[in-house]
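Structure, as structure tokens:
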Amino acid sequence: MITEKLQIYGDKENVRRVRELLFKCLGVLNAEVTGTIVYTDKPDKVIRSDDKNSQVVINIEDKDSVSSGEKVFTYSFGDSRSDVVALNEQKKENFTCFELLSGVSMSRIFIADIHTYTAKQVLVCTAVLCAMGITAEKTVETINGLLK
Numbered sequence: 002m003i004t005e006k007l008q009i010y011g012d013k014e015n016v017r018r019v020r021e022l023l024f025k026c027l028g029v030l031n032a033e034v035t036g037t038i039v040y041t042d043k044p045d046k047v048i049r050s051d052d053k054n055s056q057v058v059i060n061i062e063d064k065d066s067v068s069s070g071e072k073v074f075t076y077s078f079g080d081s082r083s084d085v086v087a088l089n090e091q092k093k094e095n096f097t098c099f100e101l102l103s104g105v106s107m108s109r110i111f112i113a114d115i116h117t118y119t120a121k122q123v124l125v126c127t128a129v130l131c132a133m134g135i136t137a138e139k140t141v142e143t144i145n146g147l148l149k
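Note that the working numbering has the sequence shown beginning at 2, numbered continuously upward.
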């Protein structure tokens, strides 16, 4: 992993859904978590570290950041391989799609309506997988295979 410890916090449902998708992806990728991932619904339980390379804290709140009428979600781990941005989220007839930009690639994610994951949950899962050292291309391929 790029970092030794990831802490994911926010409301229980968002945290649960990210964890669920993350483990589905890890199963498909036949990958193991080599560091520590902590999931919590209480921000006060999050232990912050002065060493940015040893720990990453990811906040998954219900609030979306909106810019220029488009939803843009960004997560950065201080390493260009794990910087990810989701933008141009579009609801289509049977699916939702958005563009995923990372430090090394640009792709499109498709979420079929039968899946109830949000773009933000998928983005956080993608960021965690990239922080684990899995390439953005492989991550997108895996997520699209599961959710398309």
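Think of the CB as a built atom: it goes at the ideal place given N, C-alpha and C, for glycine as much as any other residue. Computed from a prediction, not measured in an experiment: that's the story for all the values here.
query = Cα-Cα, which of Ala132, Val141, Gly146 is closest to Gln8?
reply = Closest by alpha carbon: Ala132.
key: Unbroken beta strand (DSSP E) run spanning Thr97, endpoints   = Note, Thr97: beta strand (DSSP E), 96-103.
message = Going by DSSP, what residue range makes up the beta strand (DSSP E) through Lys149?
response = Lys149 -> no beta strand (DSSP E), and no H or E assigned at all.
query = Which same chain residues, not among the five before or five after Lys93, have their C-beta less than 7 Å away from its C-beta?
reply = No residues qualify anywhere along the chain.
inquiry  = Report the start-end ranges of each alpha helix (DSSP H) in the stretch 104-146 that is 4 residues or longer and not cut off at the edges.
reply    = List check, alpha helix (DSSP H) in window: 120-132.
key: N- and C-terminal bounds of the beta strand (DSSP E) containing Lys92   = Counting along the chain, the beta strand (DSSP E) containing Lys92 begins and ends at 85-92.
task = Name the residue from Glu21, Ala113, His116, Ser108 whose alpha carbon lies nearest to the alpha carbon of Val129.
result = Val129 has its Cα closest to that of Glu21, out of Glu21, Ala113, His116, Ser108.
query = Taking the alpha-carbon positions, what's the Ser50 to Arg109 distance?
reply = The predicted position of Ser50 is uncertain, since its pLDDT is 49 and thus under 50; no value can be drawn from it.
ask   = What is the residue span of the alpha helix (DSSP H) that Asn15 lies within?
value = According to the DSSP assignment, Asn15 belongs to the alpha helix (DSSP H) that extends over 13-30.
query = Taking the C-alpha atoms as reference points, what is the distance between Ser106 and Leu23?
reply = Distance between the alpha carbons of Ser106 and Leu23 is about 20 Å.
ask   = For Gln122, which residues from the same chain have a beta carbon less than 8 Å from its beta carbon, with the 5 sequence-adjacent residues on both sides left out?
value = Contacts found: Asn15, Arg18, Val19, Leu22, Ile61.
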